[in-house]
Amino acid sequence: AQVREGFAAVVRQGETSFGDAGVFLERYIARARHIEVQIFGDGKGHVMALGERDCSLQRRNQKVVEEAPAPCLSDTKRAELIAAAVRLGEAAGYLSAGTVEFLYDAAREDFFFLEMNTRLQVEHGVTEEVMGIDLVEWMIRGAAGDFAMLDAPAPTPRGHAVQVRLYAED
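The C-terminal residue of the sequence shown carries number 170 in our numbering, and the numbering is unbroken.
Structural data, given as structure tokens:
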């Protein structure tokens, strides 16, 4: 009964405030994980995924711990997530380094697109360490028109990397 009453109140408020009764609902995810896929593209539809990282531990919307590869993913889910990120980059004709972010529902083993960051993020260090690459070098080479790195097979992840931000506070 409370849900129905609450929903009706939201609809009324939308109609009154915006002239629109539309309501956008999102599923509650109890065990959500924040997973990022690093991509690199040549601007002409060729996009390579460079692994993924788990950036779920956050404080005040700032990532505190980044971990690569994401330990919560099965190999099957990892492949699906990476394929989705590559498809997005290809469809956009993405150029240079970028990050496709997803919300991962561990209980349902399902993921949802959050956003795309069109820059090199602070968290790229764990990706570089595990993938054995230098993304800044790739960006400089790409700016000079050299995308030969995309002609080779994607690097294979090796090992595990964790990056932690420490805050000095009173």
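For each residue, glycine too, the CB sits at the ideal point set by N, CA and C.
Range of the contiguous beta strand (DSSP E) that encloses Gln58: Its beta strand (DSSP E) spans residues Val47 to Arg59.
When you compare only the Cα positions, how much space is there between Asn61 and Arg4? Cα to Cα, Asn61 sits roughly 32 Å from Arg4.
Taking the alpha carbon of Asp75 as the reference point, which residue from Glu67, Glu52 and Val86 has its own alpha carbon closest? Of the candidates Glu67, Glu52 and Val86, Glu52 places its Cα closest to the Cα of Asp75.
Uninterrupted beta strand (DSSP E) stretches inside the stretch 100–132 (no shorter than 3 residues): For the stretch 100–132, the continuous beta strand (DSSP E) assignments of 3+ residues that do not extend past its boundaries occur at 110–117, in sequence order.
If I measure Cβ to Cβ from Gly14 and keep anything under 7 Å in the same chain, skipping five residues before and after, which residues do I get? So the list reads Asp20, Ala21, Gly22 and Val23, once near-sequence residues are dropped.
By Cβ distance, which residues of its chain are closer than 6 Å to Ile82, with the 5 residues on each side in sequence left out? Counting only Cβ-Cβ distances below 6 Å, and skipping sequence neighbours, we find Val37 and Ala49.
Between the alpha carbons of Leu150 and Asp42, how many angstroms are there, rounded? Their Cα atoms are separated by approximately 8 Å.
Cβ atoms of Glu101 and Lys77: under 8 Å apart, would you say? Cβ distance not < 8 Å, so Lys77 and Glu101 don't count as in contact.
Kindly list the residues whose CB is nearer than 6 Å to the CB of Gly142, restricted to its own chain and excluding five residues on each side of it in sequence; keep chain order. Only Ser96 meet the Cβ criterion.
Does the distance from the C-beta atom of Glu123 to that of Cys55 stay below 8 Å? In this structure, Glu123 places its C-beta atom within 8 Å of the C-beta atom of Cys55.
Kindly provide the ranges of any beta strand (DSSP E) runs that are 3 or more residues long and lie completely inside the stretch 12–47, ordered along the chain. Restricting attention to beta strand (DSSP E) runs no shorter than 3 residues, the stretch 12–47 encloses them at 32–42, ordered along the chain.
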